[in-house]
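Trainee:
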Amino acid sequence: MRKKNIKKQIGDKKVGLVLGSGSAKGLSHIGVLKYLEEAEIKIDFIAGSSIGAMIGGAYAAGININEIEDIALKNDLASSVKYFLPTISKSGLISGAKVKEFLKDIVGDIKIENLKIPFTATATDIFTGQEINFNKG
Numbered sequence: 029m030r031k032k033n034i035k036k037q038i039g040d041k042k043v044g045l046v047l048g049s050g051s052a053k054g055l056s057h058i059g060v061l062k063y064l065e066e067a068e069i070k071i072d073f074i075a076g077s078s079i080g081a082m083i084g085g086a087y088a089a090g091i092n093i094n095e096i097e098d099i100a101l102k103n104d105l106a107s108s109v110k111y112f113l114p115t116i117s118k119s120g121l122i123s124g125a126k127v128k129e130f131l132k133d134i135v136g137d138i139k140i141e142n143l144k145i146p147f148t149a150t151a152t153d154i155f156t157g158q159e160i161n162f163n164k165g
């Protein structure tokens with residue numbers, strides 16, 4: 029579908045973007061965001077899980093999509109895997125502190141509720157199976 033046709037079909041409707049998990053496959057979210065930018069489609073809110081939360085959160089913070097792509101391409105597996113090595117604790121499989129450090133390096137010290145685009149990160153409580161939404165803090 030042509031980009032102009034998509035924009036015309038959307039019209040004045042609000043656009044929510046949901047970005048999923050998938051490790052390296054999740055990097056395809058960058059291409060989706062580039063396409064939406066080229067089509068001049070305004071994103072009104074973003075939700076993401078895992079890599080989708082990382083990319084979506086950075087984009088919601090106002091980081092340029094080309095910069096997000098550069099970060100993804102420059103960070104080889106050896107330099108970024110340390111943030112996501114599984115560690116079983118009361119809070120989950122991945123240490124929140126390590127992920128927080130990684131994100132702080134990219135977006136700075138900003139609260140979720142102060143992002144340029146409303147954003148929610150989703151996760152699953154490994155003990156209860158309950159969905160957890162992070163949209164504050």
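If you want our numbering, it's the position in the sequence shown, counting the first as 1, plus 28.
Glycine included, every Cβ here is placed at the ideal spot set by N, Cα and C.
(1) Grab me the residues of Ala-106's own chain with a C-beta within less than 8 Å of its C-beta, minus the 5 sequence neighbours each way, in chain order.
(2) How would you write the range of the alpha helix (DSSP H) that Leu-61 sits in, first residue to last?
(3) Starting from the Cα of Ser-49, find the closest Cα among Thr-156, Asp-72, Thr-150, Gly-157 and give me that residue.
(4) Looking only at its chain, what residues have a beta carbon closer than 8 Å to the beta carbon of Leu-131, apart from the 5 residues adjacent to it on each side?
(5) Buried or exposed: Thr-152, going by 16 or more other Cβ atoms within 10 Å of its Cβ?
(6) Can the beta-carbon of Ala-75 be found closer than 8 Å to that of Ile-138?
(7) Mind checking which residues open and close the beta strand (DSSP E) that includes Gly-76?
(8) Which residues mark the beginning and the end of the beta strand (DSSP E) in which Glu-159 is found?
(9) Any Cβ of chain C within less than 8 Å of the Cβ of Lys-70?
Mentor: Let me spell this out:
(1) Note that Ala-106 has pLDDT 41, beneath the 50 cutoff, so the model's placement of it is unreliable and the number below is only indicative. Correct list: empty, nothing qualifies.
(2) 56-66
(3) Thr-150
(4) Met-82, Gly-85, Ala-86
(5) Per the 10 Å Cβ criterion, exposed.
(6) no
(7) 73-77
(8) 159-162
(9) Structure shown: chain C not included; a single protein chain is present.
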